[in-house]
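Colleague:
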Amino acid sequence: MDEVAPGVFVATAELYMTTTTVVAGADGGCLVIDPAVTVAELDALASWLSARGLRPVAGWSTHPHWDHVLWSSSLGDVVRYATRRAVEVAARELPGLVSGMEEAAPGHDLALFARLAPLAAPEIPWRGPRATVLTHDAHAPGHGAVFLPDTGVLVAGDMCSDTEIPLLGMEAAETDPFGRYRHGLGVLADVPGVRVVVPGHGHVGDAAEFRRRVAADFGYLDAAQAGRDVADERLAAAAPWLLAEHDRQRALGY
Ligand SMILES: [Zn+2]
Numbered sequence: 478m479d480e481v482a483p484g485v486f487v488a489t490a491e492l493y494m495t496t497t498t499v500v501a502g503a504d505g506g507c508l509v510i511d512p513a514v515t516v517a518e519l520d521a522l523a524s525w526l527s528a529r530g531l532r533p534v535a536g537w538s539t540h541p542h543w544d545h546v547l548w549s550s551s552l553g554d555v556v557r558y559a560t561r562r563a564v565e566v567a568a569r570e571l572p573g574l575v576s577g578m579e580e581a582a583p584g585h586d587l588a589l590f591a592r593l594a595p596l597a598a599p600e601i602p603w604r605g606p607r608a609t610v611l612t613h614d615a616h617a618p619g620h621g622a623v624f625l626p627d628t629g630v631l632v633a634g635d636m637c638s639d640t641e642i643p644l645l646g647m648e649a650a651e652t653d654p655f656g657r658y659r660h661g662l663g664v665l666a667d668v669p670g671v672r673v674v675v676p677g678h679g680h681v682g683d684a685a686e687f688r689r690r691v692a693a694d695f696g697y698l699d700a701a702q703a704g705r706d707v708a709d710e711r712l713a714a715a716a717p718w719l720l721a722e723h724d725r726q727r728a729l730g731y
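Under the numbering used here, think of the first position of the sequence shown as 478, with each following residue one higher.
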């Protein structure tokens with residue numbers, strides 16, 4: 478667990494460099510965002526929290542993909558929010574989410590998997606630092622990043638990664654996926670005062686790194702949509718699945 482800003486902690490799992498974010502609040506309560514990814518890692522998170530005197534009082538899932546809707550009974554029985562659209566999509570696509578989880582990180586309690594409550598408000602209701610929700614449909618429908626204005630931490634969900642290119646999402650072919658992604662990226666880029674960016678997969682970055690990633694992502698989108706070769710350092714080190722996504726996305730372009 479790294480303390481990336483006062484009272485904000487990030488753990489990074491081995492699988493896909495998946496991050497978990499914890500925000501300390503009042504009276505030992507904490508907000509847990511996207512706890513991931515294996516059963517053992519969730520239990521280790523629960524042990525770490527209790528050793529620090531922290532107790533989850535609310536959860537947030539950034540988007541309806543299997544690795545972002547996990548939970549464990551060891552984290553307690555608390556309300557776990559997501560955007561209204563994300564909750565609808567998670568319910569509709571539950572069988573596919575379950576099989577994705579069973580394939581990559583099996584053994585999670587299905588009674589707790591993707592058990593999300595829709596949040597219509599612009600901030601997560603909890604007793605702790607303000608947590609603003611930024612909703613868009615890039616990467617996944619109803620994607621909700623979280624911004625903590627007190628510390629300038631942007632928990633970006635599956636955006637702004639230094640290890641993954643922009644991933645347009647499974648339903649990408651339907652309606653203007655590049656435009657939708659650009660809009661979502663613009664929503665994040667317009668947040669004033671970002672000092673720390675926490676991607677869903679990859680390394681935490683500072684303000685300059687956040688700007689660099691936003692620019693790299695816009696550059697990737699422009700090139701991929703035009704079907705041009707993309708000079709992107711994330712592709713140089715990419716795993717086969719990521720290269721396959723890149724090929725698929727480039728084929729969606731003009
Ligand atoms: Zn995702």
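Note that CB positions come from ideal geometry on N, CA and C, so glycine has one too.
The structure presented is a predicted model; accordingly, all values stated were derived computationally and were not measured.
Measuring CB to CB, does residue 659 end up less than 8 Å from residue 701?
Modeller: Not a contact, by the Cβ cut-off of 8 Å.
Colleague: Per DSSP, which one or two residues make a beta bridge with residue 600?
Modeller: Answer is 609.
Colleague: Kindly indicate which three-state DSSP category residue 486 falls into: helix, strand or coil?
Modeller: Residue 486: strand per DSSP, three-state reduction.
Colleague: Check whether the Cβ atoms of residue 661 and residue 626 sit closer than 8 Å, and answer yes or no.
Modeller: The answer is no: Cβ separation not under 8 Å.
Colleague: Write down every uninterrupted run of the alpha helix (DSSP H) in the stretch 635 to 695 whose length is 4 residues or greater and which is fully enclosed by it, in chain order.
Modeller: Fully enclosed alpha helix (DSSP H) runs of 4 or longer: 654 to 666.
Colleague: Nearer than 7 Å: is that true of the beta carbon of residue 617 relative to any heavy atom of ligand 1?
Modeller: Checking every heavy atom of ligand 1 against the Cβ of residue 617, one is found closer than 7 Å.
Colleague: Please report how far the alpha carbon of residue 649 lies from the alpha carbon of residue 552, in whole angstroms.
Modeller: Low confidence applies here, because residue 649 scores a pLDDT of 49, under 50, leaving its location unreliable; read the following figure in that light. Roughly 34 Å between the two C-alpha positions.
Colleague: Can you pull the DSSP bridge partners for residue 624?
Modeller: Residue 624 is bridged to 609 and 631.
Colleague: Quick check on residue 518: does DSSP put it in helix, strand or coil?
Modeller: Of the three classes helix, strand and coil, the one that applies to residue 518 here is helix, per DSSP.
Colleague: Round the Cβ separation of residue 560 and residue 605 to the nearest angstrom and send it over; I've been treating them as touching at under 8 Å.
Modeller: Incorrect: roughly 19 Å between the Cβ atoms, too far for contact.
Colleague: Taking 5 Å as the limit, tell me which residues put their C-beta closer than that to any heavy atom of ligand 1, in chain order.
Modeller: After applying the 5 Å Cβ criterion, the set is 542 and 635.
Colleague: For the beta strand (DSSP E) holding residue 566, just list the boundary residues, first then last.
Modeller: No beta strand (DSSP E) contains residue 566, which is instead part of the alpha helix (DSSP H) from 561 to 569.
Colleague: Give the straight-line distance between the Cα atoms of residue 497 and residue 542, rounded to the nearest whole angstrom.
Modeller: Between residue 497 and residue 542, the C-alpha separation is close to 14 Å.
Colleague: Considering Cα atoms alone, identify which of 547, 527, 635 and 530 is closest to residue 536.
Modeller: Checked all of 547, 527, 635 and 530; the closest Cα to residue 536 is 547.
Colleague: If you run the structure through DSSP and keep just helix, strand and coil, what is residue 494?
Modeller: Looking at residue 494 - three-state DSSP - the assignment turns out to be helix.
Colleague: Using the DSSP secondary-structure output, state which residues sit across from residue 535 in a beta bridge.
Modeller: Its beta-bridge partners are 508 and 556.
Colleague: Grab the span of the alpha helix (DSSP H) containing residue 723 for me, first residue to last.
Modeller: Looking at the DSSP string, the run of the alpha helix (DSSP H) that includes residue 723 is 717 to 729.
Colleague: When you compare each of 629, 646 and 707 to residue 566 by their alpha carbons, which one comes out closest?
Modeller: Closest option to residue 566, Cα to Cα, is 646.
Colleague: Which residues does DSSP pair with residue 710 in a beta bridge?
Modeller: Beta-bridge pairing links residue 710 to no other residue.
Colleague: What residue from 610, 592, 591 and 594 has the CA that sits closest to residue 600's CA?
Modeller: The shortest C-alpha separation from residue 600 is found at 610.
Colleague: Taking the alpha-carbon of residue 587 as reference, which of 688, 576 and 663 has the nearest alpha-carbon?
Modeller: Comparing Cα-Cα distances from residue 587 to each of 688, 576 and 663, the minimum goes to 576.
Colleague: So which of 534, 572 and 549 has the shortest CA-CA distance to residue 555?
Modeller: When each option's Cα is compared against that of residue 555, the closest is 534.
Colleague: For residue 523, which three-state DSSP category applies?
Modeller: Note: residue 523 maps to helix in three-state DSSP.
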